[in-house]
Amino acid sequence: MAQVSELPCDGDGICMLCKEKPSDEDKLTCVTCFTPWHVTCLASRPETLASTLRWECPDCTMPEDCAPVAVSGGDVAAGELVASIRAIEADESLTEREKARKRQKLLSGRVESSDEEDEMSMKKKKGKEKVEGGDDVLKVVGMGLICSFCMQLPERPVTKWIGQGKNTCAKCRRSIPPKMANQPRINSALVVAIRMAKMSKSSDSSGLEKIQHFVHNQNRPDKAYTTERAKRGGKSNAASGKIFVTVPPDHFGPILAENDPARNRGVLVGDWWEDRFDCRQWGAHLPLVSGICGQSKHGSQSVVLSGGYEDDEDHGEWFLYTGSGGRDLSGNKRTNKEQSFDQKFENYNEALRVSCKEGYPVRVVRNLKGKSSNYQKSYATSFQIVGNLVLHVKKECLMEKRTAFRHVCVHECSKGWLPLPDELSHKEKRSAYAPENGLRYDGIYRIEKCWRKVGKQGFKVCRYLFVRCDNCPAPWTSEEHGDKVRALPVISELKKATDVTERTESPSWDCDEKEGCWKWKKQPPRSKKRVTASCPQDTEQEFKALRKAHKKSLKERVLKELSCFLCGNVMTLPLTTPCAHNFCKSCLEGAFAGQTFERERKSLGGRTLRAQKNVMKCPSCTNDISEFLRNPQRGSSIRRKKMRKLVVKGLVMRRDRILHPGTKKNNMPHPQAEELKRKTNDASLLIEQEPERTSKRRKIDAEDGLSKIDAAEKENDEAEAAMDEGIDSPSSPLNVRSDEDIQ
DNA sequence: ATCCTTGATGAT
DNA sequence: ATCATCAAGGAT
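Just so we're aligned: 275 in the numbering used here is position 273 of the first sequence, and the numbers increase by one with no gaps anywhere.
(1) Looking at C-alpha atoms only, which residue of Ser46, Ser304, His300 is the closest neighbour of Val291?
(2) How many whole angstroms separate the CB atoms of Gly285 and Val247, which I take to be in contact at a CB cut-off of 8 angstroms?
(3) How would you label Ser565, buried or exposed, when you count the other beta carbons within 10 angstroms and need 16 or more for buried?
(4) With H, G and I counted as helix, E and B as strand and the rest as coil, what does DSSP make of Cys589?
(5) Give the DSSP bridge partners of Gly445, in chain order.
(6) Is the CB-CB distance between Lys451 and Leu467 below 8 angstroms?
(7) State whether the stretch 502 to 510 contacts the stretch 348 to 362, with contact taken as three or more CB pairs (one from each stretch) at a distance under 8 angstroms.
(8) In chain order, which continuous runs of the alpha helix (DSSP H) of length 4 or greater are located wholly inside the stretch 20 to 64?
(9) Spell out a yes or no on whether the stretch 273 to 281 and the stretch 327 to 347 are touching, meaning 3 or more CB-CB pairs, one atom from each, closer than 8 angstroms.
(10) For Glu49 and Phe36, what's the separation of their Cα atoms in angstroms?
(11) Quick one: is Cys62 buried, meaning 16 or more other Cβ sit within 10 Å of its Cβ, or exposed?
(12) Report the rounded CA-to-CA distance for Arg470 versus Cys513, giving the unit in angstroms.
(13) Measure the C-alpha to C-alpha separation of Ser510 and Gln525 and round it to an integer number of angstroms.
(14) State whether the stretch 478 to 493 contacts the stretch 332 to 341, with contact taken as three or more CB pairs (one from each stretch) at a distance under 8 angstroms.
(15) Starting from Tyr350, follow the alpha helix (DSSP H) in both directions and report where the run begins and ends.
(16) Between Gly445 and Asp501, what straight-line distance do the alpha-carbon atoms span, to the nearest angstrom?
(17) Who pairs with Lys497 in a beta bridge, going by DSSP?
(18) Apart from the five residues on each side of it in sequence, which residues of its chain come closer than 6 angstroms, Cβ to Cβ, to Gly255?
(19) Below 8 angstroms on the Cβ atoms is my guess for Ser433 versus Asp252; work out the distance and round it to an integer in Å.
(20) Tell me, please, which residues DSSP counts as bridged to Ala241.
(21) Mind checking which residues open and close the alpha helix (DSSP H) that includes Cys281?
(22) Could you give the residue range of the alpha helix (DSSP H) that holds Arg222?
(23) In terms of DSSP beta bridges, what is Phe321 paired with?
(24) Closest to Arg368 by CA distance: which of Trp520, Tyr323, Trp453, Glu495 is it?
(25) Work out the CA separation of Cys464 and Glu309 for me, nearest whole Å.
(26) Find out if the Cβ-Cβ distance for the pair Glu319, Ala489 is shorter than 8 angstroms.
(27) Which residue comes first and which comes last in the alpha helix (DSSP H) that contains Leu631?
(28) Between Val269 and Glu260, what straight-line distance do the alpha-carbon atoms span, to the nearest angstrom?
(29) Would you decide whether Pro186 is buried or exposed? Buried here means 16 or more other CB atoms lie within 10 Å of its CB.
(30) Closest to Pro437 by CA distance: which of Asn633, Val306, Ser53, Cys43 is it?
(31) Sorted by chain position, which residues of the same chain lie with C-beta nearer than 7 angstroms to Lys531's C-beta, five sequence neighbours on each side aside?
(32) Terminal residues of the continuous beta strand (DSSP E) containing Gln303?
(33) Quick one: give me the first and last residue of the beta strand (DSSP E) that Lys521 is part of.
(34) Among Trp520, Pro576, Ile449, Phe347, which has the Cα closest to the Cα of Pro491?
(35) Please report the distance separating the alpha-carbon of Gly325 from that of Ala535.
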């Protein structure tokens, strides 16, 4: 075919005709479309130096009345991008990881300080996906996307597009050389750029490189979820869901209704959660693993009481708490109960001491640790009440009994503080106040004293006396009122204690004698953190954040232009409709799968009338793009009648087109690539289950040989295949296959 | 007992 | 900002 006799170089600089990579001297770049051509393979070469500089490729050779377009750096920049990427790929001193990092930096790298877009404050903001940034890609890709005709950033990343019958640029309306219009090709350099963008995107989520992956609260699901990074699913390795309450992470005191926009009730005493994720999401206790929430310079906001420490004593309205640390948790050990060094008042332990000194309110959450449900079912235990504690002695008995015992126990407690006999304390014990299951918010406590003592394991531990001071009664009492001011219990271990700290000034949270309730008597400590969950109506600051979020960054806009309206991903085989909307070829075809271009009409008398054209609206707007779909490359065709029922062709996706970073060069298996392949296979199977269309198409092909569409298609395939081969395995020969080969 | 994970802290 | 470390987690 005459049209295919002359071909330019592809995105890898390989001549699509001779498959060789010409040197720079052997290349000629078209002044109009900036496509490089292999001089040796040209039918007619420019004679003079002057004509070389003004050389137009065979595609762009225009009639005399069409003036040539001024040269811009547009595609040169695109070439630079490709060259940069090639340089990275060719650099043998770099590991794959480093290459990925460099690619990432090139395509979606960090925001430069010279950035004019208002991104400086944005980038300061924590909790952003890695989508942000990427001025390098703007400078390079953005320039590369400048329309060869109108010198503007194109709205559509297809290099050559044809208006419906009018050969004009969709944006600038300048006329496009008719030959170029007749033989539109996908811009190979752009395809490379898009590919690389895809690669950087997929390496982002595959965790090939360590990239901090913040997910902003509003983008989190309501429930805990498994991240891309997690190798094992389920709750054991899950990430937290959305935070529902509008308190900052370092909020002290109860969580009120005003901070609970979702329910407008706040966190109430007795509120129950299945796991630490739920507990976190409602703001009662934020850390997922740690039992203490706090900062050494700021104070402690909450603790979880779960019986993990054998020194702990739980008496309901008051308890003795043990600090953290002292255990060797190196590696992945998280369950080492053996203490191997002394605890000190630092980090979390110091945070608790600050709350003690200041008299801050500390939220207390009780937890039934371990396999609570299993415990209830199989560890049916008999109990012995010793003091105010329920000791597990034998494995028999039912839960009901336990509840009953607890009731007795609580009843005993209400009479006064009963110390636990020391001789029994080493036995397995479980707090009578722990919830049946999961975690329960038990209200506000104050840390009245703290000290250090030698623990049961022989090393020093930090100790804290927590006393309840909540306006609501504890979950285990039938009292109508909250806590009263009561005398501190006598703590026998204080005799041997060291580093005793007591509050010297009046507490921040105290009982108001007049009002008879607990409240802030001093200004609560100023939060040093931002509210996680945003309530946009709250402050001007929030408004600003909201406005910023709505304001699309330049990067996002470019990315948007590179993405398909239908699948939302960066385009594969980008196509642009006459109404100037972008789609992956396969997506656009899929959208009209099974539809015919025309429908037959029957008159009342049963006589067949002329077929009526089916309107096929652009998925993005209301324009009828049936003409474009009929022949995306050439507009109308003389074979219209014969192709009457031909549906949009090429519906079988080509598996060999799927390109992924993991399959590059080394051909290492890549999980995402595998998955995509699988998906593609599934898609193919689905499509292949439509025999009618396939057979019709075959019939047409048999009649006419390759249809015009196929010819154009094949040409694009060649360009694509060349691209693919160039990237995947530069040495392998071109492997052009028709769709039939795949089936 | 062991593994794999999250998210906050605090040192740098 | 970045990063090692820590934490009373949750499954196998």
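We treat Cβ as the ideally placed atom computed from N, Cα and C, and that holds for glycine.
The short version:
(1) Ser304
(2) 4 angstroms
(3) buried
(4) helix
(5) Val366
(6) yes
(7) yes
(8) 51 to 55
(9) no
(10) 19 angstroms
(11) buried
(12) 11 angstroms
(13) 7 angstroms
(14) no
(15) 350 to 360
(16) 28 angstroms
(17) Paired residue(s): none; Lys497 is not in a bridge.
(18) Pro363
(19) No, Ser433 and Asp252 are not in contact; Cβ-Cβ is about 27 angstroms, not under 8 angstroms.
(20) Tyr227
(21) 278 to 283
(22) No alpha helix (DSSP H) contains Arg222, which DSSP labels as neither H nor E.
(23) Asp316, Phe468
(24) Tyr323
(25) Reading off the sequence shown, one finds Gly at residue 309, where the question assumed Glu. Rounded to the nearest angstrom, the two C-alpha atoms are 15 angstroms apart.
(26) no
(27) 628 to 632
(28) 11 angstroms
(29) Low local confidence applies: a pLDDT of 37 at Pro186 is under 50, so the model's placement there is unreliable, with the coordinate-based value given in what follows. So Pro186 ends up on the buried side.
(30) Val306
(31) Pro250, Pro251, Asp252
(32) 301 to 307
(33) 519 to 522
(34) Ile449
(35) 30 angstroms
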